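When the letters of the sequence shown are read in order and numbered with the numbering used here, they come out as residues 157 to 549.
For every residue, glycine included, the Cβ atom is placed at its ideal position computed from N, Cα and C.
Quick caveat, the model's predicted, so the values are computed rather than measured.
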Amino acid sequence: MMTNSSFWVALFSLAHITLASLGVGFMVLAPIAEGLGRTRPHFTDVAYLITRFTLVTYTTSIVLAVFMLELFIGLFPLTNSLLFNHFRAPLHLALVVFFIQLLCLYPYYHFWDWFRSKSITWHIVLGGAAAALILVWAGILDGIGSYMLTPVEQETGWARLWNPTWLPLMVHRFFGNLVIAGYVMAAYAGWRLWNNRHLGNDAGYYLMVLKTGMSIGIVSLMIQPVSGFVYAYQIQTVRPDVQQELLAGGSIILVIGQFILLALLLLGSHLIFRSVHVDRGHSYLGEGLYVLMLCLLVVLAPFPYYRRLISLIVLVQTGWYLSYVFPVWIRHSTPSLNTPFVHGSVMVLGAASLILYLTMGTIREVARGPDTIYGIIEHQTESPERNEAFHAP
Numbered sequence: 157m158m159t160n161s162s163f164w165v166a167l168f169s170l171a172h173i174t175l176a177s178l179g180v181g182f183m184v185l186a187p188i189a190e191g192l193g194r195t196r197p198h199f200t201d202v203a204y205l206i207t208r209f210t211l212v213t214y215t216t217s218i219v220l221a222v223f224m225l226e227l228f229i230g231l232f233p234l235t236n237s238l239l240f241n242h243f244r245a246p247l248h249l250a251l252v253v254f255f256i257q258l259l260c261l262y263p264y265y266h267f268w269d270w271f272r273s274k275s276i277t278w279h280i281v282l283g284g285a286a287a288a289l290i291l292v293w294a295g296i297l298d299g300i301g302s303y304m305l306t307p308v309e310q311e312t313g314w315a316r317l318w319n320p321t322w323l324p325l326m327v328h329r330f331f332g333n334l335v336i337a338g339y340v341m342a343a344y345a346g347w348r349l350w351n352n353r354h355l356g357n358d359a360g361y362y363l364m365v366l367k368t369g370m371s372i373g374i375v376s377l378m379i380q381p382v383s384g385f386v387y388a389y390q391i392q393t394v395r396p397d398v399q400q401e402l403l404a405g406g407s408i409i410l411v412i413g414q415f416i417l418l419a420l421l422l423l424g425s426h427l428i429f430r431s432v433h434v435d436r437g438h439s440y441l442g443e444g445l446y447v448l449m450l451c452l453l454v455v456l457a458p459f460p461y462y463r464r465l466i467s468l469i470v471l472v473q474t475g476w477y478l479s480y481v482f483p484v485w486i487r488h489s490t491p492s493l494n495t496p497f498v499h500g501s502v503m504v505l506g507a508a509s510l511i512l513y514l515t516m517g518t519i520r521e522v523a524r525g526p527d528t529i530y531g532i533i534e535h536q537t538e539s540p541e542r543n544e545a546f547h548a549p
């Protein structure tokens, strides 16, 4: 059961994670888009748009992180003390990386034209440095977060980062960041097209943003079940009790909800890609089987073995369909996307991707219950008076 302390920390944590994850995803995509802009100039405009998104989401997430950290220190002093003392060296590095990353990110945006007038290459390098540094920062925090679920007995903070679920969590969250960044990009483009039906020449630009976002979102989404399986397998190997606890209690609602949202993203993406004309046409039998598999994915969510089998079938179906739709989608003009149905659909998918991301994060936090650090600190033992008991030697 969630205590009042847990609720407030979780509230600000989820708000922070939502915007921070978007910021990380956008930060990675911006220099890549700018690099593509060397040969396809419209991608330079996309890179600038993505960087604007980055500044808004990332700056707001930093403010929310301050509130979250203050609440965490005040409401969970034992956990805070243990983590800061057990990971002192990694946290020092994370802070240095964070400040250097800020020195790369903000000039990258605010002096965009000036840097590009001097050297486009060095401007891309500046954006790439910001992206690389934020991944280092996120990797250290993921190491601490994974330690809270699968702690290991080691002598140093660096060794504690190398717990069994650190790398799987980093990979899973990296592609999760790209999923929400892609779908939110498409949702923004859909919103602009929806509210401005007569954009004229700008319609082509926003259709291109929509296509780019959908491409990033669906490709990353296809990787997520694979990285998620590896992550879940590692947790199951270290903590065999987690899966049974999640499927036996009220947390089963979160598990089912996760697969409802995943099925919604896959089905919605399929309907949008289906609007593109291809020479091979569409097989109604194949599409019927695809919808059936998505329904089974939700129905069998409480049964891991069968769910994984269905997930594999769905991934194969999705990959096969995209293999002949994608070339047309990427290379040709797709005016069929400029319809209210597509505009509304991508906005729904953008919201669904964010909710799915938060649901997955919530499941990971619930899996620790009733502990704040599994097997070390329980919620009930949190009290300021015992703070000194957990200082590392």
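Where leucine 452 is concerned, the enclosing alpha helix (DSSP H) starts and stops at 440-455. Annotated as distal: tyrosine 440 and histidine 426, with beta-carbon spacing of 8 Å or more.
Taking a contact to require three or more Cβ pairs closer than 8 Å, the stretch 278-294 and the stretch 169-184 qualify as touching. Proline 460: member of the alpha helix (DSSP H) spanning 460-487, first to last residue. By the neighbour-count criterion, in which 16 or more other beta carbons inside 10 Å mark a residue as buried, leucine 363 falls on the buried side. Residue pairing by DSSP puts isoleucine 533 in a beta bridge opposite Ile529. The criterion of a C-beta distance shorter than 8 Å is satisfied by leucine 402 and isoleucine 408.
Residue Phe429 holds the alpha-carbon nearest to the alpha-carbon of glycine 369 among Phe223, Phe429, Leu251, Ser169. Membership of alanine 294 in the alpha helix (DSSP H) is indicated by the continuous run 276-305.
With a cut-off of 8 Å on Cβ pairs, the stretch 417-424 is in contact with the stretch 504-513, counting three or more such pairs.
Within 10 angstroms of the beta-carbon of alanine 388 lie 16 or more other beta-carbons, which makes it buried. The Cβ-Cβ distance between leucine 512 and glutamine 414 falls below 8 Å. If you draw a straight line from the Cα of glutamine 390 to the Cα of threonine 215, it is about 34 Å long. Taking the Cα positions, serine 177 is about 17 Å away from serine 383. Residues of the same chain with a CB within less than 8 Å of the CB of valine 454, apart from the 5 flanking positions on each side, are Ile412, Phe415, Ile416, Ala419 in chain order. One thing to note: leucine 220 has its Cβ within 8 Å of the Cβ of leucine 175.
Counting the other Cβ atoms within 10 Å of the Cβ of glycine 295 gives 16 or more, which makes it buried. Between the alpha carbons of alanine 203 and valine 481 lies a gap of roughly 25 Å.
For leucine 192, the closest C-alpha among the options Thr277, Gly230, Thr495 is that of Thr277.
DSSP places tryptophan 318 outside any alpha helix (DSSP H), giving it a letter other than H or E. Pairing histidine 198 with asparagine 333, the inter-Cα distance amounts to about 23 Å. Less than 8 Å separates the beta-carbon of proline 320 from that of valine 394. With fewer than three CB-CB distances shorter than 8 Å, the stretch 229-244 does not count as touching the stretch 266-276.
The residue among Arg524, Met378, Pro396 with its C-alpha nearest the C-alpha of serine 479 is Met378.
The beta-carbon distance between phenylalanine 331 and serine 376, rounded to whole angstroms, is 5 Å. This is short enough to meet the 8 Å contact definition. In this chain, the alpha helix (DSSP H) harbouring valine 222 covers 198-231. Taking the C-beta atoms as reference points, alanine 359 is found no nearer than 8 Å to leucine 366. Assigned with DSSP and collapsed to three states, asparagine 494 falls in coil, not helix or strand.
Residue environment analysis places phenylalanine 163 among the exposed positions, since fewer than 16 neighbouring C-beta atoms fall within 10 angstroms of its C-beta.
Judged by beta-carbon spacing, isoleucine 372 lies within the 8 Å limit of glycine 338, meaning their Cβ atoms are closer than that value.
Excluding its 5 nearest sequence neighbours in each direction, serine 467 has C-beta neighbours in its own chain below 6 Å: Pro381, listed in chain order.
Between arginine 463 and leucine 471, the CB-CB gap reaches or exceeds 8 Å. Going by DSSP, proline 396 is part of no alpha helix (DSSP H) at all; its letter is neither H nor E. With respect to the C-alpha of threonine 306, the residue from Asp201, Pro263, Val498, Pro396 having the closest C-alpha is Pro396.
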